[in-house]
Structure formats: structure tokens, C-alpha cells
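Below: the structure, in C-alpha cells.
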Amino acid sequence: MFGFFNSYFSNDIAIDLGTANTLIYVRGKGVVLDEPSVVAIRQEGGPNGKKTLLAVGAEAKGMLGRAPANISAIRPMKDGVIADFTITEQMLKYFIRKIHESRMFSPNPRIIICVPVGSTQVERRAIRESALGAGARKVYLIEEPMAAAIGANMPVADATGSMVVDIGGGTTEVGVISLGGIVYAKSERVGGDKFDQAIIDYIRRNYGMQISEPTAELIKKKIGSAFPGSEVLEMEVTGRNLAEGLPRKFTISSNEILEALTEPLNAIVGAVKSALEQTPPELGADIAEKGMVLTGGGALLHNLDRLIMEETGLPVLVAEDPLTCVARGCGRALEEIDRLGSIFAEE
Amino acid sequence: MEADMTSSEQSESLAPKVGVLLAKARKSQKLSVEDVAASLRLSIAKINALEADDFLVISDPTLARGFIRSYARLLKLDPEPLLIAHRQLISAEIVNPIGVKTEVVSSPIQPSNLTTKSIILGLVFVAIISLVWFFAYHNDSGSDITEVNVSTVTQESLPQQALPVAEREVKNNEQITELQLPHEAASSNSEPSTTLEKTANEPAKAEPMKKVSVGSSLVRVKLVFTGNAWVSVKDKSGNTVYDKTAKAGGEEYVEGVPPLKFHIGNVSATQVFFNGETVDLSPNTYNNMARVTLGAD
């Protein structure tokens, strides 16, 4: 009965609740929010005191590694799923309010939210409950490979195999899609975060230096490479010398980062190969003809397509604007929510 | 108008650039089509098609854009101008559907089938129901009639309790004796055997009497009532041939195989004529009620 009023006061939204970034697509408007999934919380009056939400998103990310003892910058998502239920709920509530800021009434939209294909029932329930707690009227879940494939404008509804590799912050999702459904999907808990951690570990091991997560991310973005290229890039980095305990500068090259990233990259290649092994031959032939599509922030790692191409011998394409692929895919599903049912996932 | 012309001219000028630029860059880097095909894991036909701007070979525009991007990156070109040119060449953004087409194909068929089937089934169902109702109704009405007759008979054959209270209160005689009248041959009955007359007051009650076949062995008794009186008559085989409460001023004829056993309620208001003579009921009267047997051997 009140559906009309609800739809008037709240816009339906699609959320890519990622480990690294949260993107929100509003029906009829497009992707309106892209913020890091980071929440800063201030603890008042001792360990049992009141907790206050200090900052969310980009502002909170700026506090990562720079906060005093009573402020903790938290990433409530880990490996594609909720690590801290309450904080995630607060973060979602903040983001939903942010996109509905001019409204007098509290918004209660319908929400499409994507989940990793390998997430358990409990993890999916947590995501659903979290969205409901943030004020959602109804929550639809969509699996990330499907959302990524729709976002990359692949022919998901056709009787042809389409392979998508979505490398996010926490997980890598490999999916083979045909006739509007997922034929095979595999989720590997490797992603941008594991790349950063691998760089941190490599530098500590080889240079005896401790660098922060944001620095590792910066290195990955600037000189990170998945395949040896013709030119070697270098970058000057500041870290804390573990022996001296003092900040020191040093230079690191792209070849070293390539070496550091070998382990997580092998995991991704392994997942892709495993998916190809499990794919029915007919769909495999389609994929060999058309190639696979890389989406997600991980697809921006330099020469990653080349690495997978060399390892599999198949054409590999990077989707247009891979960072927003999943959010745009969720958005497409949102636009057609009233006549779609089969593409949504169950708990 | 001018703006349209300019944009169309621009698209025409940019369109061939996609393939030409790629081919030019490839040649400047001294790469053969085979080298590019091997690097990108694409067929030589696709590379040639990309360089000739023949995008029909690559049916899906999304794939074509992906291949252009990969090719441009291999040649260390900026893919964006090439992609813009490609977009102008195909003129419109093609968006792949996300709903399965088969649903669209099957949906118009299923409902029409369902409607026809449901209409036919509905008609058959209604026909069956009406048939069942028709037969059930007729059977019921037949049995009702039977029941009414039975109940009527049962009620009529009630013993003393059915008598009017006033009649029961009369206590004149103390014993009932059956009067044995001399038997006269039934054949001597001079009155013709006709269908019994029905009084206007009791049309339905005469029905059981009709069933009695009127033959030469039957005897006929006339009853004249000056007041309301209940009379029950049984024939030789014990069948009730007459059983009812007659109204005052009525006249009734009772036929049956002799001997006929009369059980008369209101004796004072009843006169019985047998063979043209009045039967004296007083010796057999008790409580203004008499039991008389007529036509016994």
C-alpha cells in the first residue's frame, strides 16, 4: 500500500559493497558514489566508552595509519564479505543518507547488492541484514560475476559462453555465463589487498623496511606489473627501517614488484585455468573465440591481461572502466528489476 | 543543420581512421599481421578486419572495442581516440540484453494455450456439474414424493393417540366385542364397480384406494359422517384399505376383500351401511370407539 510513497521518497539503488571501495548506483542517475570502504571510529572515555562515527569513505581512508590511539580507521569488509557487521551497517546507512541528503524523510529504498559467488549462506545473510538495518525496504542479492558481465556489456542472455574475471579488492571471481545464468563460477580470496600485502612482505623481507598499506597500494598502482615489459619503472618509497627504527627512503623497481606479486598472480591464473578446465567444451570454444573479459580494480594492474593471455593462450580483454563494472552491472539489473528474477541469487 | 553536417563530416573523417591508424602504427613498428595475431591470441582474419574497419566479422561491438583497446595498447597507442572513432562508426551504442530471449518467445504462447485449455476445461466442468445436479434433483424429488406418501400413511395409521381428545374422554361402554355379521356373497353386491369418488376436501388420500383392484369378491361399505371421525379399515390380508379422519357431513365408500376390520373413532358421529342396512355399532363401542368386522364368513 505504501509502495508508491516509498518509491517517491526513496530512489532504488544498487551497491557494489567491495572490500576496497563501495560504489552506489542510483536508478535513473548512474554511479553517484565511489568511496573507499573505510570507517573511522572515535572511542570516547576509555575502552568501554561510547563509540562515535568520525568519518566514512575517503576522509576515513586518509586517517588509515595516521590516527591516534582513540581513533581507529576500520575496513569493515574483508575478503569480499563482512568482517564487522555493525560498522558495515553504519557505513551503508551513511552512504544511503549521503545520496538522499535533500530528503525530509528517512529513505528506505529497494537495494540490489552484490555478493561474492563463493560467499557462504551466513555471509550472504549478514550482507542482507546489514542492508536491511541500513534502511532498505527490500534487498536483492546478485552474484558478482553476473553483475560484472552485465556491466561489461557482455551478451549474458545469449546461448554463447562469456567468461568474466573480476579482480576486486578482496576476491577474484571467475565466472562462465550463458543464457542468463552462471554455468561455472569460482571465487578465490585473492585481490588487490593481497597484492598490497605481498608488496609489504616483499619489502620487509628484502629491504628490512616497513611500509604502510596506502604506500603499498601506491606502489602497485604506479609501477606494479604482472608481466615483464620492455621498460623498467622505478619509484622512490619512504618506509621505516626495521633495524634502525627510523624513516628511510629507498628506490624500488617494477621488476621487483613483479617478483613480489608472483604468488597472488599465480593464484588468479590458477583460478582462471581451473574455470576453463571445468567449462563445458562448447562454451570453452566460444570463450576461445571471443576471449575473456577482465573487470574490477585488479584489471588495472599493468600487463595483467598479457599474463593471463600468455598463460592460457586465449584472448583477454580489459573491460571499459573496469572499476565501475560491477556497480554498472548491478545498476542495469536495477533498471530492469521489475522484469528480472532469475539473475538474482538466493541466500 | 550546419552542426549536423559538421558532425557527420567528422564521423566520416574519423571513421576510417580506426583501421588505418592501427595498420600505420603496426607498420611503423615493423610488425606483421601474424605477429600481432600471435601476441593478441586473435585470428589473422580478425586483425585484417580491424584494420579494414570491417566490424561485421566481429559481431559483438563490445568485443570489437576490447580488441581495438588491446591492439592499441600493444602498439603503445592511446586507445581512447580510436574508441571514440569506433563509437561514431557504429553510430549507436549497442546494449546487450540481460534477460534471456527464450522467455520473450515462450511467454505469448503459454498464456494463450492456457486460456483455451482453461475455457474448454471450464465448459466441461460446468456441463458435468449441471448433469449431476439434474439427475440428483430428479431422484431427490421422486424419493421426496415417496417419503411423503409413506409418512402420510404412517401418520394416518396412528392408533388411539391420533384421535381427538374429546372423543377419547367419552366413557360409555366398558368392553369391545366384535360383531359377526352374516356373510353375504360379494357377487350379490349390486352396485357397479366404478372408480371411487373423491371428495373435494381429500384428493390425495384416495390414491391408496385406487390401487385396490375392484373385483367380484369385494365387499362395499358406506360410511356417513355427521361429525369429524377417524376410521381405519383393514382387509382380509391385513392391508389398510382406508385410514383417515373424515370431515362432518362426508360420505365415504370402502371396498375390500372381506372380512373388513373397521376401527371407528367417533362412533356417535358415524353411520355404517353394509348391504343397504345400517350396522349397529353400539354393542362394539367402548369409549365412543368401535371395532367391527364386516363380511366375515
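Here the protein sequences come in this chain order: A and B.
Heads up, the first sequence is in our numbering, so the first residue is 1 and it goes up one at a time.
Heads up, the second sequence is in our numbering, so the first residue is 1 and it goes up one at a time.
Quick reminder that beta carbons are idealized off the backbone N, C-alpha and C, glycines included.
Residue i, buried or exposed, once every other Cβ within 10 Å from all chains shown has been counted against 16
i        : result
ASN139/B : exposed
ALA285/A : exposed
ALA127/B : exposed
LYS210/B : With a pLDDT of only 39 at LYS210/B, under the threshold of 50, the placement of this residue in the model should not be trusted, and no figure is reported.
SER187/B : Per-residue confidence for SER187/B stands at a pLDDT of 41, beneath the threshold of 50, marking its modelled position as unreliable; the derived number appears in the next sentence. Looking at its Cβ environment, which holds fewer than 16 other Cβ atoms inside 10 Å, SER187/B is exposed.
LYS27/B  : exposed
VAL232/A : exposed
VAL36/B  : buried
GLN121/A : exposed
ASN11/A  : buried
THR238/A : exposed
GLU44/A  : exposed
LYS247/B : exposed
PRO155/A : buried
ASN288/B : buried
PRO203/B : Because the pLDDT at PRO203/B is just 44, under 50, the model does not fix this residue reliably, and the value given afterwards should be weighed accordingly. So PRO203/B counts as exposed.
ILE129/B : exposed
LEU242/A : exposed
TRP230/B : buried
ASP321/A : exposed
LEU56/B  : exposed
THR312/A : buried
TYR25/A  : buried
PRO47/A  : exposed
Nearest to residue i (by Cα), restricted to the options the options
i        : options                                : result
ALA60/A  : GLY46/A, LYS50/A, ARG42/A, GLY28/A     : ARG42/A
PRO61/B  : TYR137/B, LEU42/B, HIS86/B             : HIS86/B
LYS261/B : LEU131/B, GLY66/B, LYS236/B            : LYS236/B
ILE13/A  : PRO76/A, GLY62/A, CYS114/A             : CYS114/A
ILE268/A : ARG189/A, LYS138/A, VAL117/A           : ARG189/A
ASP338/A : VAL272/A, ILE112/A, VAL183/A           : ILE112/A
ILE239/B : TRP230/B, LYS247/B, GLY256/B           : As written in the sequence, residue 239/B is Asn, which differs from the Ile given in the question. Closest by alpha carbon: GLY256/B.
LEU50/B  : VAL124/B, SER39/B, ARG73/B, ALA23/B    : ALA23/B
PRO36/A  : ILE127/A, ALA73/A, ASP321/A, LEU283/A  : ALA73/A
ILE203/A : PRO214/A, MET163/A, ILE257/A, GLU234/A : ILE257/A
LEU92/A  : ALA271/A, CYS325/A, GLY57/A, PRO264/A  : GLY57/A
VAL241/B : GLY250/B, ARG220/B, GLY249/B, GLU251/B : ARG220/B
ALA345/A : ILE182/A, GLY208/A, GLU217/A           : ILE182/A
ARG75/A  : LEU17/A, ARG125/A, ILE99/A, LEU33/A    : LEU17/A
LEU304/A : PRO264/A, SER274/A, ALA226/A           : ALA226/A
ALA157/A : ILE119/B, GLY99/B, THR116/B, LEU21/B   : GLY99/B
PRO52/A  : GLY62/A, ARG66/A, GLY65/A, ASN70/A     : Looking at the sequence itself, residue 52/A is Thr, so the reference to Pro does not match. Ranking GLY62/A, ARG66/A, GLY65/A, ASN70/A by Cα distance to THR52/A puts ASN70/A first.
PHE195/A : THR262/A, SER178/A, ILE211/A, ALA185/A : THR262/A
ILE308/A : ARG66/A, GLU336/A, LEU265/A            : LEU265/A
Limits of the unbroken beta strand (DSSP E) element including residue i
i        : result
PHE55/B  : Neither: PHE55/B is in no beta strand (DSSP E) and is coded neither H nor E.
ILE71/A  : 71-74
ILE355/A : The question about residue 355/A has no answer here: the residues shown for chain A are numbered 1 through 347.
LEU294/B : 289-294
LEU317/A : 316-318
ARG125/A : That residue, ARG125/A, is in no beta strand (DSSP E); its alpha helix (DSSP H) goes 121-133.
VAL272/B : 270-274
ASN21/A  : 21-26
Beta carbon proximity, residue i to chain D, threshold 8 Å
i        : result
PRO322/A : The question asks about chain D, but that chain is absent: this structure's protein chains are A and B.
Boundaries (first-last residue) of the alpha helix (DSSP H) holding residue i
i        : result
ASN48/B  : 44-51
GLY67/B  : Note on residue identity: the sequence assigns Phe, not Gly, to residue 67/B. Where PHE67/B is concerned, the enclosing alpha helix (DSSP H) stretches over 61-74.
THR88/A  : 85-99
MET309/A : 304-312
LYS24/B  : 17-28
ASP35/B  : 33-40
PRO279/B : According to the sequence shown, residue 279/B is Val rather than Pro. Taken as a continuous stretch (DSSP letters only), VAL279/B belongs to no alpha helix (DSSP H), being part of the beta strand (DSSP E) at 277-279.
ASP286/A : 281-290
ARG328/A : 325-335
LEU82/B  : 79-90
Check whether the stretch 167-175 of chain A touches the stretch 74-84 of chain B, taking contact to mean three or more Cβ pairs, one atom from each stretch, closer than 8 Å.
no
Output the residue ranges of the alpha helix (DSSP H) runs that lie fully inside the stretch 142-217 of chain A and measure 4 residues or longer, sorted by chain position.
144-151, 192-207
Residue ranges of each alpha helix (DSSP H) run of no fewer than 4 residues wholly in the stretch 223-268 of chain B, ordered along the chain?
Qualifying alpha helix (DSSP H) stretches: none in this window.
Under 8 Å, with one C-beta from each stretch per pair, do the stretch 317-324 of chain A and the stretch 290-299 of chain A reach the 3-pair mark?
yes
Any contact between the stretch 30-43 of chain B and the stretch 269-281 of chain A? By contact I mean 3 or more CB pairs, one from each, below 8 Å.
By the criterion of at least three beta-carbon pairs nearer than 8 Å, the stretch 30-43 of chain B is not in contact with the stretch 269-281 of chain A.
What residue ranges within the stretch 219-268 of chain A form continuous alpha helix (DSSP H) runs of no fewer than 4 residues, ordered along the chain?
DSSP runs (the alpha helix (DSSP H)) wholly in the stretch 219-268 of chain A: 254-260.
Are the stretch 84-101 of chain A and the stretch 128-140 of chain A in contact at 8 Å, needing three or more beta carbon pairs?
In this structure the stretch 84-101 of chain A lies against the stretch 128-140 of chain A, because at least three pairs of beta carbons, one per stretch, are closer than 8 Å.
Counting pairs of beta carbons, one from the stretch 195-210 of chain A and one from the stretch 247-256 of chain A, are three or more of them closer than 8 Å?
When C-beta atoms of the stretch 195-210 of chain A are compared with those of the stretch 247-256 of chain A, three or more pairs fall below 8 Å, so the two segments count as touching.
Is the stretch 138-154 of chain A close to the stretch 321-331 of chain A, with three or more CB pairs under 8 Å?
yes
List, from N- to C-terminal side, the beta strand (DSSP E) runs of 3 residues or more that fit wholly inside the stretch 37-74 of chain A.
39-43, 51-56, 71-74
The stretch 218-234 of chain B touching the stretch 268-279 of chain B, judged by at least three CB pairs closer than 8 Å
The answer is yes - the stretch 268-279 of chain B touches the stretch 218-234 of chain B, with three or more Cβ pairs under 8 Å.
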